[in-house]
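Shown next, in structure tokens, is the structure this report addresses.
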Amino acid sequence: MLKVSYMYARHDVTQENFRKYLDGMLEQKRWQPAALAAERSFARMAGLASIKSMRISLGRYRGAAGASAGGAGDVFFKDDAIISITNVRESNHPEDFYNYEVMEYSPAIRRKKLRRSILIGVVAKESADSDEILKDFLEAFEEQVAKHSKGSASLKWEEVDLESPRLERLLEKLASEATAARFSSPDLGGETVKGADVLSIQANRELLRELSEAGFGRESDILARRGAKREVVQAALTDLASAGLTSTEFLLACKGTSAPLARFSNANETQTAPIANIRCGKCARTYSQELLSEGYSVSTLGRSLAQGSHWMTVWVTKRLVDLGIPTRSIVWNLEDSGEEVDIIIEFMSKLWIFELKDREFGPGDAHPFNYRRVRYGADEAFVITTDKVSTDAKRVFEDLARDSSGRTRTKPPNMIEGLASVEGEIRKHLEFASYQRAADALVMPSMTVGFALSDVIAEWVPSESLPSGFRRYYETEYYL
Ligand SMILES: [Zn+2]
Numbered sequence: 005m006l007k008v009s010y011m012y013a014r015h016d017v018t019q020e021n022f023r024k025y026l027d028g029m030l031e032q033k034r035w036q037p038a039a040l041a042a043e044r045s046f047a048r049m050a051g052l053a054s055i056k057s058m059r060i061s062l063g064r065y066r067g068a069a070g071a072s073a074g075g076a077g078d079v080f081f082k083d084d085a086i087i088s089i090t091n092v093r094e095s096n097h098p099e100d101f102y103n104y105e106v107m108e109y110s111p112a113i114r115r116k117k118l119r120r121s122i123l124i125g126v127v128a129k130e131s132a133d134s135d136e137i138l139k140d141f142l143e144a145f146e147e148q149v150a151k152h153s154k155g156s157a158s159l160k161w162e163e164v165d166l167e168s169p170r171l172e173r174l175l176e177k178l179a180s181e182a183t184a185a186r187f188s189s190p191d192l193g194g195e196t197v198k199g200a201d202v203l204s205i206q207a208n209r210e211l212l213r214e215l216s217e218a219g220f221g222r223e224s225d226i227l228a229r230r231g232a233k234r235e236v237v238q239a240a241l242t243d244l245a246s247a248g249l250t251s252t253e254f255l256l257a258c259k260g261t262s263a264p265l266a267r268f269s270n271a272n273e274t275q276t277a278p279i280a281n282i283r284c285g286k287c288a289r290t291y292s293q294e295l296l297s298e299g300y301s302v303s304t305l306g307r308s309l310a311q312g313s314h315w316m317t318v319w320v321t322k323r324l325v326d327l328g329i330p331t332r333s334i335v336w337n338l339e340d341s342g343e344e345v346d347i348i349i350e351f352m353s354k355l356w357i358f359e360l361k362d363r364e365f366g367p368g369d370a371h372p373f374n375y376r377r378v379r380y381g382a383d384e385a386f387v388i389t390t391d392k393v394s395t396d397a398k399r400v401f402e403d404l405a406r407d408s409s410g411r412t413r414t415k416p417p418n419m420i421e422g423l424a425s426v427e428g429e430i431r432k433h434l435e436f437a438s439y440q441r442a443a444d445a446l447v448m449p450s451m452t453v454g455f456a457l458s459d460v461i462a463e464w465v466p467s468e469s470l471p472s473g474f475r476r477y478y479e480t481e482y483y484l
């Protein structure tokens, strides 16, 4: 995953003087302004050894009307990090106009209205020590500021908050509606997670369902019914018991008729008064003399995880947390209504919804899901099923994705069939989302230096996480 951050410091400097800082950086060799170095090299090859600046002819940024290239700024590369720097003033001077407009329309920081500031952006691989890298860069840059600006105060850097509280706002909106579902924070206690892991195995779920329907099962009976699958069932019984999804119980049965008499959680109960002295209605024996056999029933934990396939919510949430989503950015719907989405998460200021089914996802599930998706304003939607998404349900999503003129309306959700691919699929989407956010952040520096920096970070993301046509998307979205 890629990290993105921005910071700024109030500092009033003309573009011309700002370029002197960059020239100074080029000379000190510690941090090389890449575009300026490339320009100088280009000028030398053209036989223009003395030229200061060789402007590159650039395209235009779609968002900012009339903002074609020409602003001051540069980018620096070090240890899997890109640092971009620019100078933002007012829009009243032609030279300042470009930087100002592009900043104002830049998807990453358009909400921040900066005036007379130096703006620094950092995009780094997750493994990069970006704090250390930035500290070193600021040291080198501030040296040049001190050298080239007379009597200027030291720069005070402030981080730009890139988050917008989408989830919080959605929950507020839903809380104000009487009929809407209520969402709550996830509970990932160790017992719950372990139980969900055990139930992610189909044989374990089947056995728990069987026990739940029967109320109680003797080990010998359970094994006898399965015949050839004996070993699988034996393992399932052990798994369920060790995760606390079943409780051991004792069944007392009449020795004469084999009819069940009562169940006990403790074997000693039938040997102590008053229960020991109760007489069987079917034969002459007392309870202490009847046949006691050990077996299993579904525990409270087992019931709560089986209810509405809650185990799946826990299991998927654990994957999300392991992939780096903080639990405060995840909410669960615990109402047992089949029409509500099960999980909503906020990731990089985007809302993602998850619908989970421990069965086939059918056409009857597709319409309510699409409705929630539109109602919640979700940016990404996932259907996760232990089985399949039916052909009819897929057709419903395809129909919803087109209007009569054939244009795309809502793209079909991401459909994940089978638990085995859940983690890998979600990771891909998280990686691509982090790429998108980094590419958004690099629009402005790309326009400044004339190189598509999103191509650099595309190399930092596993290629299978980048959908086909992602480059064209960025070109048409941002540039003319
Ligand atoms: Zn009896």
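Counting in the working numbering, the sequence shown tops out at residue 484, every number present. We treat Cβ as the ideally placed atom computed from N, Cα and C, and that holds for glycine.
#### Entry: Chain-order list of residues whose beta-carbon lies under 8 angstroms from that of Lys392 (same chain, five-residue window excluded)
Position 388 of the sequence shown, counted from the first residue, corresponds to residue 392. Only Glu364, Phe365, Glu421 meet the Cβ criterion.
### Query
Alpha carbon to alpha carbon, how far is Glu167 from Ser353?
Position 163 of the sequence shown, counted from the start, is the residue given in the question as residue 167. Position 349 of the sequence shown, counted from the start, is the residue given in the question as residue 353. Cα-Cα distance, rounded: 6 angstroms.
### Query
Closer than 6 angstroms from C-beta to any heavy atom of ligand 1: which residues, in chain order?
Cys258, Lys259, Gly260, Cys284, Lys286, Cys287, Arg289, Glu294
### Among Pro264, Arg307, Val302, Ala271, the one whose alpha carbon lies nearest that of Lys286
Position 282 of the sequence shown holds residue 286. Closest by alpha carbon: Pro264.
### Message
Considering only their Cβ atoms, is the gap separating Ile348 from Leu171 smaller than 8 angstroms?
### Response
On the sequence shown, position 167 is the one that residue 171 refers to. On the sequence shown, position 344 is the one that residue 348 refers to. Result yes, Cβ atoms of Leu171 and Ile348 sit closer than 8 angstroms.
### Message
With the cut-off set at 8 angstroms, would you say Lys322 and Val400 are in Cβ contact?
### Response
In the sequence shown, residue 322 corresponds to position 318, counting from 1. In the sequence shown, residue 400 corresponds to position 396, counting from 1. No.
### Message
Distance check for Asn91 and Leu142, CA to CA, integer angstroms please.
### Response
The residue labelled residue 142 in the question sits at position 138 within the sequence shown. The residue labelled residue 91 in the question sits at position 87 within the sequence shown. Those two C-alpha atoms are separated by around 15 angstroms.
### Endpoints, alpha helix (DSSP H) assigned at Asn21
The sequence position of residue 21 within the sequence shown is 17, counting from 1. Residues 19-32.
### Message
I'd like to know if the region 431-450 and the region 125-134 are in contact, where contact means that at least 3 CB-CB pairs between them fall below 8 angstroms.
### Response
yes
### Message
Taking the beta strand (DSSP E) that Val393 belongs to, which residues open and close that run?
### Response
Position 389 of the sequence shown, counted from the start, is the residue given in the question as residue 393. First-last for Val393: undefined, no H or E at that position.
### Task
Can you have a look at Ser189 and say buried or exposed, based on whether 16 or more other CB atoms are within 10 angstroms of its CB?
The count along the sequence shown starts at 1 and reaches residue 189 at position 185. Exposed, since its Cβ has fewer than 16 Cβ neighbours within 10 Å.
### Query
Looking at C-alpha atoms only, which residue of Glu94, Arg441, Lys82, Ser88 is the closest neighbour of Ser131?
Your numbering for residue 131 matches position 127 in the sequence shown. Selected option, being the one with the closest Cα: Lys82.
### Query
Alpha carbon to alpha carbon, what distance is there between Ser438 and Ser121?
By 1-based counting over the sequence shown, the position of residue 121 is 117. By 1-based counting over the sequence shown, the position of residue 438 is 434. Computed Cα separation, rounded: 27 angstroms.
### Task
Spatial neighbours of Ser204 within its chain, please: CB distance less than 6 angstroms, with the 5 preceding and 5 following residues excluded, ordered by chain position.
Against the sequence shown, residue 204 aligns to sequence position 200. If we look at Ser204 and ignore the five residues flanking it on each side, its Cβ neighbours are Trp319, Leu423.
### Query
On the three-state DSSP scale, how would you describe Asn208?
Position 204 of the sequence shown holds residue 208. Residue state, collapsed to three classes: helix.
### Message
Using CA atoms only, rank isn't needed, just tell me which of Asp27, Gly219, Ser469 is closest to Gly428.
### Response
Walking along the sequence shown from the start, residue 428 turns up at place 424. Of the candidates Asp27, Gly219, Ser469, the one whose C-alpha sits nearest the C-alpha of Gly428 is Ser469.
### Query
Using the beta-carbon count (16 or more within 10 Å), is Lys361 buried or exposed?
The residue you call residue 361 lines up with position 357 of the sequence shown. It counts as buried.
### Query
Alpha carbon to alpha carbon, how far is Ala71 from Asn418?
The residue given as residue 71 occupies position 67 in the sequence shown. The residue given as residue 418 occupies position 414 in the sequence shown. Unreliable placement is indicated for Ala71, whose pLDDT of 45 sits below 50; the coordinate value is still reported in the next sentence. Rounded to the nearest angstrom, the two C-alpha atoms are 37 angstroms apart.
### Query
How close, in whole Å, do the beta carbons of Leu255 and Gly299 come, if the pair is a contact with beta carbons under 8 angstroms?
Your numbering for residue 255 matches position 251 in the sequence shown. Your numbering for residue 299 matches position 295 in the sequence shown. Rounded, the Cβ-Cβ distance is 6 angstroms, consistent with contact.
### Three-state class that DSSP yields for Trp356 in the structure shown
In the sequence shown, counting from the first residue as 1, residue 356 sits at position 352. Reduced to three states, the DSSP call for Trp356 is strand.
### Message
Just list the residues that DSSP pairs Asn337 with in beta bridges.
### Response
Looking up residue 337 in the sequence shown gives position 333. In the DSSP output, where bridge partners are listed per residue, Asn337 has Phe187.
### Query
Where do the N-terminal and C-terminal ends of the alpha helix (DSSP H) with Met316 fall, by residue?
Counting from 1 along the sequence shown, the entry for residue 316 is found at position 312. From DSSP, the alpha helix (DSSP H) with Met316 extends over 314-326.
### Message
Which of the three DSSP states is assigned to Ile89 in this structure?
### Response
For the purposes of this step, residue 89 is taken as residue 85 along the sequence shown, with counting starting at 1. Reduced to three states, the DSSP call for Ile89 is strand.
### Task
Please determine, among His433, Arg48, Ile89, the residue with the shortest C-alpha to C-alpha distance to Ile329.
For the purposes of this step, residue 329 is taken as residue 325 along the sequence shown, with counting starting at 1. The option with the nearest alpha carbon to Ile329 is His433.
### Task
Give the range of the alpha helix (DSSP H) segment to which Asp165 is assigned.
Indexing the sequence shown from 1 puts residue 165 at position 161. Looking at the DSSP string, Asp165 is not in any alpha helix (DSSP H), and its letter there is neither H nor E.
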